[in-house]
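Peer 1: In terms of our numbering, the sequence shown has 159 at position 151, counting the first letter as 1, and numbering is strictly consecutive.
Below is the structure I would like to discuss, written out as structure tokens.
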Amino acid sequence: IRRSRVPVLVNVSHSTLAGALDLAQQAVDAGAAGVLLMPPYFYRYSEPQLLEFYRRFVRVAKGGTPVYLYNLPQFTSALSRELATELLESGDFAGIKDSSGDLELFEALRALRARTSFTLLAGNESIYLQSRSAGADGIVSGVGAALPELIVAMDRAIRANNLEAACEFDDRLQEFVRWIDRFPATVAIKQAAVARGWKLNHFPFRFDDDTQADLAAFHNWLATWLPAVLAECNESAVLRA
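In structure tokens, the structure reads:
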């Protein structure tokens, strides 16, 4: 991490406070520019309990490393608008990554920045165009793990105020997202990485015949779709240069 040309944020989320603190210390020691922290996962907690969890984390954690809230309600307790507001207004947190896909929550967070300074990161590709165009500072993208060129091309188009190109790249992104939604979380992303020769992916168990057929259809679709998208992204980069 210390040799990285760009700042690296590390996800230190854990099912316990002690575990999160230990991961945070390891991240700091490795040179992380900041840490992302979800609510403790597996079980659902009340808002007062989550508030205490985050307060204790920043109270005990040392080193002055920026801490970013990580809202991922699909897989753990949600950070409500009220709780996120209270935590961000405390000044103890550098920002938030919101993966909820909730535009109302995004708008509330964007409005909050009028009186409180913090970094607002999108985390859900389904609303990335809307949120980035409306003022989100960037995205932490799962799709970007397999298709970084597409996310970068889209971001460059947005920053250049090239709405036509941004919408075209978003159309491509949503095509991929629709495939993601047909499988358990991350399966399509990991399979796209496999198709690019980047990763050997092991499933937790053998999928049923219908899912196997869907995976075969996905790879057949990807064989045509991926080269076309990469060519479009490369053309965009050349024109920009």
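Every residue, glycine too, gets a C-beta built ideally from N, C-alpha and C.
Using a Cβ-Cβ cutoff of less than 8 Å, which residues in the same chain neighbour ARG10 once the five nearest sequence positions on both sides are dropped?
Peer 2: Mapped onto the sequence shown, residue 10 falls at position 2. Excluding sequence neighbours, ARG10 sits near ALA38, GLY39.
Peer 1: With a 10 Å radius around its C-beta and 16 neighbouring C-beta atoms as the bar for buried, classify ASP106 as buried or exposed.
Peer 2: Along the sequence shown, one-based indexing puts residue 106 at 98. Burial call: buried.
Peer 1: With contact counted as at least three CB pairs below 8 Å, one residue from each stretch, are the stretch 168-183 and the stretch 191-211 in contact?
Peer 2: No, because fewer than three Cβ pairs between the stretch 168-183 and the stretch 191-211 fall closer than 8 Å, the two stretches do not touch.
Peer 1: Which complete alpha helix (DSSP H) runs does the stretch 172-216 hold, if anything under 4 residues is left out?
Peer 2: If we require 4 residues or more, the alpha helix (DSSP H) runs fully inside the stretch 172-216 come out as 195-203.
Peer 1: Does the stretch 113-127 come close enough to the stretch 150-158 that 3 or more CB-CB pairs lie under 8 Å?
Peer 2: No, the stretch 150-158 is not in contact with the stretch 113-127.
Peer 1: Thinking just about the alpha-carbon of each residue, which of TYR136, GLY205, ALA144, ASP145 is nearest to the one in ILE159?
Peer 2: Within the sequence shown, numbered from 1, the residue matching residue 159 stands at position 151. Comparing Cα positions, the closest option is TYR136.
Peer 1: Sort ASP163, ASP222, ARG186, ALA28 by Cα distance to VAL68 and report the nearest one.
Peer 2: Position 60 of the sequence shown, counted from the first residue, corresponds to residue 68. The candidate whose alpha carbon is nearest that of VAL68 is ALA28.
Peer 1: According to DSSP, is GLY131 part of a helix, a strand, or is it coil?
Peer 2: Your numbering for residue 131 matches position 123 in the sequence shown. Reduced to three states, the DSSP call for GLY131 is coil.
Peer 1: Just confirm the distance between the C-beta atoms of VAL252 and LEU44, as a whole number of angstroms; I'd bet it's less than 8 Å.
Peer 2: The requested residue 252 does not occur in the structure, where the chain is confined to residues 9 to 249.
Peer 1: Can you tell me which of ALA116, LEU31, PRO235 puts its alpha carbon nearest to the alpha carbon of ALA203?
Peer 2: Translated into the one-based positions of the sequence shown, residue 203 becomes position 195. It is PRO235 whose Cα lies nearest to the Cα of ALA203.
Peer 1: Would you list, in sequence order, the uninterrupted beta strand (DSSP E) runs of no fewer than 3 residues that lie entirely inside the stretch 17-53?
Peer 2: The qualifying runs are 17-19, 42-45.
Peer 1: Measuring only the C-alpha atoms, how far is TYR51 from GLY42?
Peer 2: Position 43 of the sequence shown, counting from 1, holds the residue named residue 51. Position 34 of the sequence shown, counting from 1, holds the residue named residue 42. Rounded to whole angstroms, TYR51 to GLY42 spans 25 Å at the Cα level.
Peer 1: Do THR238 and GLU183 have their CB atoms nearer than 7 Å?
Peer 2: As a first step, residue 238 must be located in the sequence shown, where it is residue number 230. As a first step, residue 183 must be located in the sequence shown, where it is residue number 175. The residue asked about is misnamed: residue 238 is Leu in this sequence, not Thr. Taking 7 Å as the Cβ cut-off, LEU238 and GLU183 do not qualify as a contacting pair.
Peer 1: Check whether the Cβ atoms of ASN79 and GLY109 sit closer than 7 Å, and answer yes or no.
Peer 2: For the purposes of this step, residue 79 is taken as the residue at position 71 of the sequence shown. For the purposes of this step, residue 109 is taken as the residue at position 101 of the sequence shown. No, they are not a contact pair.
Peer 1: When the Cα atoms are used, what is the spatial distance from THR232 to PHE226?
Peer 2: As a first step, residue 232 is located in the sequence shown; it is residue number 224 there, counting from the start. As a first step, residue 226 is located in the sequence shown; it is residue number 218 there, counting from the start. Their Cα atoms are separated by approximately 10 Å.
Peer 1: What does a CB cutoff of less than 8 Å around ALA196 pick up in its chain, not counting 5 residues either side in sequence?
Peer 2: The residue labelled residue 196 in the question sits at position 188 within the sequence shown. Here the set comprises PHE184, TRP187, ILE188, ARG190, PHE226.
Peer 1: If we ignore side chains and look at the alpha-carbon of each, how far apart do ALA116 and ASP217 end up?
Peer 2: Counting from one through the sequence shown, the residue named residue 116 turns up at place 108. Counting from one through the sequence shown, the residue named residue 217 turns up at place 209. Computed Cα separation, rounded: 44 Å.
Peer 1: Does the separation of the CB atoms of ILE166 and SER141 fall below 7 Å?
Peer 2: Taking the sequence shown and counting its residues from 1, one reaches residue 166 at position 158. Taking the sequence shown and counting its residues from 1, one reaches residue 141 at position 133. Yes; because the gap between Cβ atoms is below 7 Å, this pair is in contact.
Peer 1: Hey, PRO48 and THR73 are a contact pair by Cβ (cut 8 Å); roughly how many whole angstroms apart?
Peer 2: For this step, residue 48 is matched to residue 40 along the sequence shown. For this step, residue 73 is matched to residue 65 along the sequence shown. Not confirmed; about 19 Å, so no contact.
Peer 1: With DSSP run on the structure shown, which of helix, strand or coil describes ASN79?
Peer 2: Here residue 79 refers to the residue found at position 71 when the sequence shown is read from its first residue. It is a strand residue.
Peer 1: Ends of the alpha helix (DSSP H) at ILE159?
Peer 2: For the purposes of this step, residue 159 is taken as residue 151 along the sequence shown, with counting starting at 1. Where ILE159 is concerned, the enclosing alpha helix (DSSP H) stretches over 156-167.
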